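Student:
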Amino acid sequence: MTDKELFNELTYKRKNAYECMTDNEKQEMHELCDEYRVFLDEGKTERECLDKALLMAQSRGFKDINSIDSLKTGDKVYKVNRNKNILLAVIGSDDISKGFNLVGAHIDSPRLDLKQNPLYESNDMALLKTHYYGGIKKYQWTTIPLAIHGVIFTKNGEKVTLNIGEKESDPVFCITDLLPHLAKDQMAKKMTDGIEGENLNVLIGGMPADTKEVKEKVKFTILKLLNERYGITERDFLSAEIEIVPAFKARNVGLDESFIGAYGQDDRVCAYTTLKGIFDAKNPKKTAMAILVDKEEIGSAGNTGMLSAFFEMTVAEIIEKLTGKCGITDYNTVIANSACLSSDVGAAVDPNYESVSEKMNAAFAGYGMVLVKYTGARGKSGSSDANAEFVYEIGKILDDNGVIWQTGELGKVDQGGGGTIAQYVANLNIDVIDCGVPVLSMHAPFEVTAKSDIYMAYRSYLAFYENR
Ligand code: MN
Ligand code: MN
Numbered sequence: 036m037t038d039k040e041l042f043n044e045l046t047y048k049r050k051n052a053y054e055c056m057t058d059n060e061k062q063e064m065h066e067l068c069d070e071y072r073v074f075l076d077e078g079k080t081e082r083e084c085l086d087k088a089l090l091m092a093q094s095r096g097f098k099d100i101n102s103i104d105s106l107k108t109g110d111k112v113y114k115v116n117r118n119k120n121i122l123l124a125v126i127g128s129d130d131i132s133k134g135f136n137l138v139g140a141h142i143d144s145p146r147l148d149l150k151q152n153p154l155y156e157s158n159d160m161a162l163l164k165t166h167y168y169g170g171i172k173k174y175q176w177t178t179i180p181l182a183i184h185g186v187i188f189t190k191n192g193e194k195v196t197l198n199i200g201e202k203e204s205d206p207v208f209c210i211t212d213l214l215p216h217l218a219k220d221q222m223a224k225k226m227t228d229g230i231e232g233e234n235l236n237v238l239i240g241g242m243p244a245d246t247k248e249v250k251e252k253v254k255f256t257i258l259k260l261l262n263e264r265y266g267i268t269e270r271d272f273l274s275a276e277i278e279i280v281p282a283f284k285a286r287n288v289g290l291d292e293s294f295i296g297a298y299g300q301d302d303r304v305c306a307y308t309t310l311k312g313i314f315d316a317k318n319p320k321k322t323a324m325a326i327l328v329d330k331e332e333i334g335s336a337g338n339t340g341m342l343s344a345f346f347e348m349t350v351a352e353i354i355e356k357l358t359g360k361c362g363i364t365d366y367n368t369v370i371a372n373s374a375c376l377s378s379d380v381g382a383a384v385d386p387n388y389e390s391v392s393e394k395m396n397a398a399f400a401g402y403g404m405v406l407v408k409y410t411g412a413r414g415k416s417g418s419s420d421a422n423a424e425f426v427y428e429i430g431k432i433l434d435d436n437g438v439i440w441q442t443g444e445l446g447k448v449d450q451g452g453g454g455t456i457a458q459y460v461a462n463l464n465i466d467v468i469d470c471g472v473p474v475l476s477m478h479a480p481f482e483v484t485a486k487s488d489i490y491m492a493y494r495s496y497l498a499f500y501e502n503r
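According to the working numbering, the stretch in the sequence shown is residues 36 to 503, in order.
1) Under 7 Å: does the beta carbon of Asp329 sit that close to some heavy atom of ligand 2?
2) Does the stretch 263-283 come within contact of the stretch 185-197, defined as at least 3 CB pairs closer than 8 Å?
3) Go to Gln458, then tell me how far its alpha helix (DSSP H) extends in each direction, as first and last residue.
4) Starting from Tyr113, trace the beta strand (DSSP E) both ways and give me its first and last residue.
5) Quick one: is the Cβ of Thr455 within less than 7 Å of any heavy atom of ligand 1?
6) Do Val405 and Gly452 come within 8 Å of each other at the CB atom, strictly closer than that value?
7) Sorted by chain position, which residues of the same chain lie with C-beta nearer than 8 Å to Leu258's C-beta, five sequence neighbours on each side aside?
8) State the Cα-Cα distance for the pair Gly11 and Lys39, rounded to the nearest angstrom.
9) For the alpha helix (DSSP H) containing Ala244, name the first residue and the last one.
10) Would you check whether ligand 2 has a heavy atom nearer than 7 Å to the C-beta of Asp129?
11) Measuring alpha carbon to alpha carbon, tell me which residue in Asp69, Glu233, Ile121 and Ser102 is nearest Ala344.
12) Measure the CB-CB distance between Ala223 and Gly200 and report whether it falls below 8 Å.
13) Give the residues whose C-beta lies closer than 5 Å to at least one heavy atom of ligand 1, in chain order.
14) Have a look at Asp449, Glu347, Lys173 and Asp301 and flag the residue whose alpha-carbon is nearest the alpha-carbon of Glu393.
15) With a threshold of 16 other CB atoms inside 10 Å of the CB of Leu214, please say whether the residue is buried or exposed.
16) Below 8 Å, how does it come out for the stretch 281-300 and the stretch 310-326: are there three or more Cβ pairs, yes or no?
17) Checking 8 Å against the spacing of the C-beta atoms, do Pro473 and Gly381 come in under that value?
18) Based on the DSSP secondary-structure assignment, which residues constitute the bridge partners of Thr484?
19) Does the stretch 145-160 come close enough to the stretch 360-370 that 3 or more CB-CB pairs lie under 8 Å?
20) Decide if Ile210 is buried, meaning its Cβ has at least 16 other Cβ atoms within 10 Å, or exposed.
21) Would you kindly work out how many angstroms separate the C-alpha atoms of Val460 and Val407, rounded to a whole number?
22) Sort Ser495, Tyr307 and Met56 by Cα distance to Glu77 and report the nearest one.
23) Taking 8 Å as the threshold, find out whether the stretch 134-153 comes into contact with the stretch 386-402 through three or more Cβ pairs.
24) Going along the chain, which residues of its own chain have a beta-carbon closer than 8 Å to the beta-carbon of Lys415, five neighbours each way excluded?
25) Going by DSSP, which residues form a beta bridge with Arg146?
26) Counting along the chain, where does the beta strand (DSSP E) carrying Gly139 start and finish?
27) How about Val467 and Ser418: are their beta carbons less than 8 Å apart?
28) Within 10 angstroms of its Cβ, does Thr57 collect 16 or more other Cβ (buried), or is it exposed?
29) Go to Leu213, then tell me how far its alpha helix (DSSP H) extends in each direction, as first and last residue.
30) Please tell me whether Leu75 and Arg286 are closer than 8 Å, where the distance is taken between their beta carbons.
31) Give the range of the alpha helix (DSSP H) segment to which Asn43 is assigned.
32) Count the other CB atoms, across all protein chains shown, that sit within 10 Å of the CB of Tyr174; report buried if there are 16 or more and exposed otherwise.
33) Determine the contact status of Glu278 and Thr80, defining contact as a CB-CB distance below 8 Å.
34) Please name the residue or residues paired with Tyr307 in a DSSP beta bridge.
35) So, under 8 Å CB-CB, Asn372 and Gly134 are touching, yes? Tell me the CB distance rounded to an integer number of Å.
36) Is the distance from the Cβ of Arg82 to the Cβ of Lys114 below 8 Å?
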C-alpha cells in the first residue's frame, strides 16, 4: 500500500451525494422532488399540511385508531390532534415491548399571523395588523406577494376556510416598504430595527365605498366583500386563526434544476420525507411511528406541540390496543427501548456567508442527509446531545443502506444557535438525534434545499424504519 492509499484509508472525507448516486437513484430523486413541490404548494400552513398528510395516509390504507378496538402486526393507523398534529403508526412484527422507531418532524413554519382585531383604514387604504410567528428577518417579508390562509368561524358557528392568493386568478396581498429615496433614516438603522414588527401591516384594499353615511369607506368596501364572499363580519376575526404566507409556488432552482426553492421547507421537507419513509417501509420488525407536530418554531409548547401529552397518550393507546393493557411498567419498557430521529432541517454553508460556519463541522448542500449530534447555543445549552452509542448505531444503519450523509452543527461556536424537538423527545427517555436536510436561507420566504439531500433524507428514514 502506498502512503497515499494509507492516508486515504486513515482519513475521513465527506462526499457530494450527486457524485455517488446511480442513474436510477437520480430518476427516483427527481420523481420524489416533483411530488414534494406539490406537497409544499398544497400545504402552506400546519392545518393544510396535516390535511395533505392525512389524505396521503388514508389513500395508503391507514385507519383512524379511534375506530379500531385492537391492533395486530401490519395494521396501519393514525390519530389526529386538533387538526394540527398527527401520529401515524405501522404495527411491526416484533413485540411492542422491544420498542418502536419514531421519526418526528414539525409542520409549522415562520409566518405572519393576523392579530385578533386586524382590520383598519389609513390614508384611504385598508390594512391588516399582524404578529409574526417564529424567527423571521422582518425585512424579508416586505414587498413580496402574500397569500391569506386560515380558518374563521361565523356568528352561527360555521367554519370558513380561507385560501386567497394561490390561484392564478386570485389577487395577492403585500407589505409595502419605503422607497430608497426617502429611506435615509431607515437605512442607517440596525437591520433588526429597519422594519418594525408593528409596521408589518398587510395591504388588503383601497377602493372607497360609494356612500356618504360612512367615514371609513375603504374598510367598508373590504367588510362588504368579506361578508358577500365568506359570510363573515369584523367580529368573527376575534376567534379566527389566519396566517399570511408567501404567495409564490415551489420551483426548481438552477439551470441544472439541482435545488428546490420554496416557502416552508423548514420543516415540511422533513415532514414529507418522513411520510414517504413510513409509507414505503416494508414489513418493519419494530413498530414504525411518525409524528408531525405544530408549534416547534415557538418552542414546541401548547397542546399540539411536541411538549403536549398527545404523543404519550397515543403511544399508551397503541400499547393497550396491541396487548390489552398498558400498565406503567409496560409503558416504561416500551419507551426505554424506543428510538427517534428528530427530522428537522440543518443550516447549510452559504457561499456568501462562509464566515459564520466552521467548515470542518458544518453541513453542505448536496452532501446528503445531515446528522446533528447536538444543537443548542452558548455551550450546547438547550440541546439533548445524542449518546455516542446511538450516533454510531444510526451511522451504521445509514452506511449499510447506501445513504450518503454528513454531520453538521448550527454555525460556529458562539455564533448563535437553536433547538429542535429532540430535547423534548429525549426527556421522555428515548434515544434521539437530529437528522434532516441542510437548508440555505432558512426561515426566509424562499428557502433552498438540494434535491440529493431531500432524497437522502427519505432514504435515511426508510433505512431507520426497516433496519433498527
Ligand atoms: Mn425546523
Ligand atoms: Mn425553524
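Backbone N, C-alpha and C fix where the C-beta goes; we use that ideal spot for every residue, glycine too.
As the structure is a prediction and not an experimental result, all values here were calculated from the model.
Tutor: Quick answer:
1) No; taking the cut-off as 7 Å, the Cβ of Asp329 has no heavy atom of ligand 2 nearer than that.
2) yes
3) Ala457 to Asn462
4) In the DSSP annotation of this structure, the continuous segment of the beta strand (DSSP E) that includes Tyr113 starts and ends at Lys111 to Asn116.
5) Yes, ligand 1 has a heavy atom inside 7 Å of this Cβ.
6) no
7) Cβ neighbours of Leu258 beyond the five flanking positions: Leu154, Thr268 and Glu269.
8) Absent from the model: residue 11. The displayed extent of the chain is 36 to 503, so no value can be given.
9) First-last for Ala244: undefined, no H or E at that position.
10) It does not: the Cβ of Asp129 is nowhere closer than 7 Å to a heavy atom of ligand 2.
11) Ile121
12) Between Ala223 and Gly200, the C-beta spacing is not below 8 Å.
13) Asp301, Asp302 and Asp379
14) Asp449
15) Using a 10 angstroms sphere on the CB of Leu214, the tally of other CB atoms stays under 16, which defines it as exposed.
16) Counting Cβ pairs under 8 Å, fewer than three are found: no touch.
17) Yes, these two residues count as a Cβ contact at 8 Å.
18) Ile295 and Val474
19) Judged by Cβ distances under 8 Å, the stretch 360-370 makes no contact with the stretch 145-160, as fewer than three pairs qualify.
20) buried
21) 15 Å
22) Tyr307
23) Contact between the stretch 134-153 and the stretch 386-402 is absent, because fewer than three Cβ pairs lie under 8 Å.
24) Tyr409
25) Tyr168
26) Phe135 to His141
27) no
28) exposed
29) For Leu213, there is no enclosing alpha helix (DSSP H), as DSSP marks it with neither H nor E.
30) Contact check for Leu75 against Arg286 fails: the beta carbons are separated by 8 Å or more.
31) Asp38 to Leu45
32) exposed
33) yes
34) None, per the DSSP bridge assignment.
35) Gly134 and Asn372 do touch by the CB rule: their CB atoms are close to 3 Å apart, below 8 Å.
36) It is not a contact, given that the beta carbons lie outside the stated cut-off.
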